[in-house]
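Peer 1: My questions all concern the structure below.
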Amino acid sequence: SSRTLYNVTDDDHDGKAEYPIKAWYNGCSKDTTIIVTVNPLPVITFDASQAGKPTGVENQSQICLNDQLPLVAQSDIPSNFSWNTNDDTPSITKKPSTSGIIKYTVTATDDVNSCHSNNSFSVIVNNNPSILINNEVNGSDEICVDETYTLTATGGKTYTWEISTAGGTSSLTPSAASSHTWTVSES
61 SSRTLYNVTD DDHDGKAEYP IKAWYNGCSK DTTIIVTVNP LPVITFDASQ
111 AGKPTGVENQ SQICLNDQLP LVAQSDIPSN FSWNTNDDTP SITKKPSTSG
161 IIKYTVTATD DVNSCHSNNS FSVIVNNNPS ILINNEVNGS DEICVDETYT
211 LTATGGKTYT WEISTAGGTS SLTPSAASSH TWTVSES
């Protein structure tokens, strides 16, 4: 009695693998063929159209700290899903609270044959820019007419201000009593 192990492959992609076998006993032989059904593995793709800005790397995006991250796993055959976050639905929404690279891995298990495969999606979570308010006049958020109030933004790369200025600093010198709001965002 001897045993031969085969790596099952479906070379012609017809869903079957054939293996010829020749048995010998007392000088006599018999030929036969064993046919093995080869079930496909689920192919997992992601719909990450709402998952931040693409980085140019497949299955990767970037978001800001505390942004919503919706991910949808899809399979080419009916499957059950299981994420490394303990979620068991095709769609998950996460809100990362730490910066860095977070890897989400999902396993799809074929509903019929229990074949399974994995795929991962990585997210680069960036820190939000910090805004430092600096008043050159008296260190508070109230000034007198004809005094200059300066805001300085730090922590980002480029800035967009509600009041038209360039760079990380914006100044205002009101000529009458008024109230002003600055909005800054990282571009």
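In terms of this note's numbering, the sequence shown opens at residue 61 and continues consecutively.
Yeah, the Cβ is synthetic: ideal placement off N, Cα and C, and Gly gets one too.
By the DSSP assignment, the beta strand (DSSP E) with Thr145 in it spans what residues?
Peer 2: Note, Thr145: premise wrong, no beta strand (DSSP E); not H, not E.
Peer 1: Apart from the five residues on each side of it in sequence, which residues of its chain come closer than 7 Å, Cβ to Cβ, to Thr149?
Peer 2: Same-chain partners within the cutoff: Phe141.
Peer 1: Quick one: using the 10 Å Cβ neighbour count with 16 as the cut-off for buried, is Gly75 buried or exposed?
Peer 2: By the 10 Å Cβ count, Gly75 comes out exposed.
Peer 1: Pick from Ala213, Glu202, Thr212, Glu118: whose alpha carbon is nearest that of Thr237?
Peer 2: One point to set straight first is that residue 237 is Ala, not Thr, in the sequence displayed. Taking only the C-alpha atoms, the option nearest Ala237 is Glu202.
Peer 1: Whole angstroms are fine: how far does the CA of Ala77 sit from the CA of Val166?
Peer 2: Looking at the two C-alpha atoms, the distance is approximately 29 Å.
Peer 1: At which residues does the beta strand (DSSP E) containing Ser121 begin and terminate?
Peer 2: Residues 120-124.
Peer 1: By Cβ distance, which residues of its chain are closer than 6 Å to Asn187, with the 5 residues on each side in sequence left out?
Peer 2: Cβ neighbours of Asn187 beyond the five flanking positions: Leu125, Ser159.
Peer 1: With distances taken Cα to Cα, identify the nearest neighbour of Ala111 among Asp127, Val103, Val96.
Peer 2: Among Asp127, Val103, Val96, the Cα nearest to that of Ala111 is on Asp127.
Peer 1: Within the same chain, show all residues whose beta-carbon is closer than 8 Å to that of Ser157, passing over the 5 residues directly before and after it, in chain order.
Peer 2: So the list reads Leu125, Asn126, once near-sequence residues are dropped.
Peer 1: Comparing alpha-carbon positions, which option in Asp171, Ser231, Asp206, Glu207 lies nearest Ala213?
Peer 2: It is Ser231 whose Cα lies nearest to the Cα of Ala213.
Peer 1: I'd like to confirm the pairing. Which residues does DSSP put opposite Pro114 in its beta bridges?
Peer 2: Paired residue(s): Ser121.
Peer 1: Rounding to the nearest angstrom, what Cα-Cα distance links Pro114 and Ile137 in this structure?
Peer 2: Pro114 and Ile137: Cα-Cα distance of roughly 26 Å.
Peer 1: Can you give the Cα-Cα distance for Ala108 and Ser135, rounded to whole angstroms?
Peer 2: If I take the Cα positions, the gap works out to 14 Å.
Peer 1: Should Pro80 be labelled buried (16 or more other beta-carbon atoms within 10 Å of its own) or exposed?
Peer 2: With fewer than 16 other Cβ atoms within 10 Å, it is exposed.
Peer 1: Assuming Gly87 is part of the beta strand (DSSP E), what are its boundary residues?
Peer 2: First-last for Gly87: undefined, no H or E at that position.
Peer 1: Return the chain-ordered list of same chain residues with a C-beta closer than 8 Å to the C-beta of Asn119, the five sequence neighbours on each side being excluded.
Peer 2: Phe106, Ala108, Asn179, Ser180, Phe181, Ser182.
Peer 1: Thinking C-beta only, is Asn144 closer than 8 Å to Asn99?
Peer 2: No, Cβ-Cβ distance for Asn99 and Asn144 is not below 8 Å.
Peer 1: To the nearest angstrom, how far is the alpha carbon of Ser239 from that of Gln122?
Peer 2: Going by the C-alpha atoms only, they are around 36 Å apart.
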